[in-house]
């Protein structure tokens with residue numbers, strides 16, 4: 001049966017992988033909404049290819065360009081934050097929430113409040129507003145499917161088992177491009193080096209997060225909300241080959257692991273077809289060719305991001321939102337050449353030490369905490 005789908009963040013890496021799978025299964029999907037941040041030309045091209053009902057660009061200044069590119073197609077064009085939320089609430093059977101950063105919070109919540117299935121790639125939504133988001137999922141009868149490779153792996157390993165039988169959930173981390181670098185060398189790392197991930201093809205911000213290990217720290221907080229086993233049962237291990245995507249150990253000593261190629265189409269396909277399976281173009285694993293899989297503990301002295309994230313999750317309330325906002329500001333500054341790589345985590349820790357807001361009770365309050373944290377992050381950066 002054909003289902004309708006909206007892809008929020010269609011021109012990013014997750015959106016591209018999702019649309020590649022839809023392209024290979026055109027008889028199964030009808031595209032309702034496609035959105036992008038500012039790439040109006042590419043968005044229009046995709047909207048035409050998939051005969052989308054509406055295309056929305058977050059940057060209102062790009063709306064005229066989008067409308068011109070869609071002229072004569074019959075596809076509705078819109079722009080701005082309110083239009084993103086309206087598009088997310090249009091009522092697709094399946095919504096892929098892949099807008100990077102805190103900008104994805106309101107559209108993701110709009111999709112949740114409409115119900116249906118939400119495939120979540122925007123980890124910041126749960127990091128910044130975990131309790132509010134999960135409560136909304138329950139209240140509106142929505143289904144939340146994780147498509148980050150690690151959380152999707154955990155989701156698969158939990159199928160048919162009860163969370164009360166879980167002893168450990170282990171998130172694997174590649175360690176990024178700098179996992180073997182000395183501190184002195186890390187201090188000289190460039191943006192071009194940081195975005196060159198050894199295993200995954202990702203956007204610049206997520207690639208830098210992988211290099212600092214903040215990506216894994218954010219995923220730890222996300223897992224805390226997705227899989228309620230308690231923070232003391234969540235741990236991280238560095239696995240450079242990125243073949244084992246995460247593991248679940250049960251009380252009887254059994255450990256289930258999900259293995260797969262370093263290709264986001266695998267977890268996305270798992271979500272698109274759930275509870276069934278679908279074909280992907282990904283090459284099957286050849287473990288004999290891979291030869292060996294290695295694991296080691298994370299080094300929280302060189303990469304303190306995972307420690308900061310765990311402390312933020314333990315503090316709860318608005319602290320995870322502060323961590324996320326400060327990290328986004330610091331990463332942007334690093335990519336612009338304003339701060340050294342090793343200052344990213346240090347700057348986040350400075351912001352966390354300066355701001356402890358009360359627990360937000362609504363999405364508006366989350367966004368207010370986010371805005372205040374960003375302002376403080378910029379002030380502290382200018383003062384440094």
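In full-length UniProt numbering, the protein residues as written are 1 to 384.
By construction, the Cβ of each residue, glycine as well, lies at the ideal position given by its N, Cα and C atoms.
{"Query": "What residue range is occupied by the uninterrupted beta strand (DSSP E) comprising residue 79?", "Result": "76-79"}
{"Query": "Within the continuous beta strand (DSSP E) that includes residue 247, where are the two ends?", "Result": "244-250"}
{"Query": "May I ask you to list the residues that DSSP assigns as paired with residue 235?", "Result": "170"}
{"Query": "Buried or exposed for residue 163, please, with buried defined as at least 16 other CB atoms from any protein chain shown within 10 angstroms of its CB.", "Result": "exposed"}
{"Query": "Would you decide whether residue 385 is buried or exposed? Buried here means 16 or more other CB atoms lie within 10 Å of its CB.", "Result": "Coverage of the chain is limited to positions 1 through 384, which leaves residue 385 absent and any answer about it impossible."}
{"Query": "Does the Cβ-Cβ distance between residue 35 and residue 16 come in under 8 Å?", "Result": "no"}
{"Query": "Name the residue from 90, 33, 101, 53 whose alpha carbon lies nearest to the alpha carbon of residue 332.", "Result": "101"}
{"Query": "Can you give the beta carbon distance from residue 221 to residue 130, rounded, assuming they're within the 8 Å contact cut?", "Result": "7 Å"}
{"Query": "Which class does residue 29 belong to by DSSP, given the choice of helix, strand or coil?", "Result": "strand"}
{"Query": "I want to see whether chain D comes within less than 8 Å of residue 266, judged by CB atoms only; does it?", "Result": "Absence of chain D from the displayed structure is noted, only one protein chain being present."}
{"Query": "Would you identify the three-state DSSP class for residue 159, choosing helix, strand or coil?", "Result": "coil"}
{"Query": "I'd like the list of long-range same chain contacts for residue 271, defined as Cβ closer than 6 Å, with 5 residues on each side in sequence excluded.", "Result": "119, 145, 147"}
{"Query": "For the beta strand (DSSP E) holding residue 73, just list the boundary residues, first then last.", "Result": "Here residue 73 belongs to no beta strand (DSSP E), and DSSP marks it neither H nor E."}
{"Query": "Of the choices 70, 46, 13, 93, whose alpha-carbon is the least far from that of residue 202?", "Result": "13"}
{"Query": "Can you give the beta carbon distance from residue 135 to residue 178, rounded, assuming they're within the 8 Å contact cut?", "Result": "With a Cβ gap of about 38 Å, residue 135 and residue 178 do not count as contacting."}
{"Query": "Tell me whether residue 290 is buried or exposed, calling it buried when 16 or more other Cβ atoms sit within 10 Å of its Cβ.", "Result": "exposed"}
{"Query": "Thinking C-alpha only, which one of 143, 132, 92, 225 is nearest residue 3?", "Result": "92"}
{"Query": "Given this structure, state the Cα-to-Cα distance separating residue 252 from residue 60, to the nearest angstrom.", "Result": "55 Å"}
{"Query": "Hey, residue 63 and residue 79 are a contact pair by Cβ (cut 8 Å); roughly how many whole angstroms apart?", "Result": "4 Å"}
{"Query": "Jot down the residue ranges of each uninterrupted alpha helix (DSSP H) in the region 311-337, minimum 4 residues, whole runs only, in chain order.", "Result": "319-335"}
{"Query": "For the region 357-364 and the region 329-347, state whether three or more C-beta atom pairs, one from each stretch, are separated by less than 8 Å.", "Result": "no"}
{"Query": "Is it buried or exposed, residue 29, if we count other Cβ atoms within 10 angstroms and call 16 or more buried?", "Result": "buried"}
{"Query": "If distances are taken between C-alpha atoms only, which option among 323, 259, 324 comes closest to residue 283?", "Result": "259"}
{"Query": "Identify the residues that DSSP records as bridge partners of residue 4: which are they?", "Result": "30"}
{"Query": "For residue 285, which residues of its own chain have a beta-carbon under 8 Å away from its beta-carbon, when the five flanking residues on both sides are left out?", "Result": "243, 259, 260, 261"}
{"Query": "Give me the Cα-Cα distance between residue 95 and residue 112, rounded to the nearest whole angstrom.", "Result": "9 Å"}
{"Query": "Roughly how many angstroms lie between the CA atoms of residue 241 and residue 293, to the nearest whole one?", "Result": "7 Å"}
{"Query": "For residue 87, does the three-state DSSP call read helix, strand or coil?", "Result": "helix"}
{"Query": "Put residue 214 into one of helix, strand or coil per three-state DSSP.", "Result": "helix"}
{"Query": "Excluding the five sequence neighbours on either side, which residues of its own chain have a C-beta within less than 7 Å of the C-beta of residue 208, listed in chain order?", "Result": "194, 195, 331, 334, 335"}
{"Query": "When burial is assigned at 16 or more other CB atoms within 10 Å of the CB, is residue 216 buried or exposed?", "Result": "buried"}
{"Query": "Name the DSSP bridge partner or partners of residue 118?", "Result": "95, 144"}
{"Query": "So, helix, strand or coil for residue 35, using DSSP?", "Result": "strand"}
{"Query": "So is residue 133 buried or exposed if we call it buried at 16+ other beta carbons inside 10 Å?", "Result": "buried"}
{"Query": "Please return the same chain residues whose Cβ sits closer than 6 Å to the Cβ of residue 155, not counting the five positions on each side in sequence.", "Result": "146"}
{"Query": "To the nearest angstrom, report how far apart residue 175 and residue 76 are at their CA atoms.", "Result": "43 Å"}
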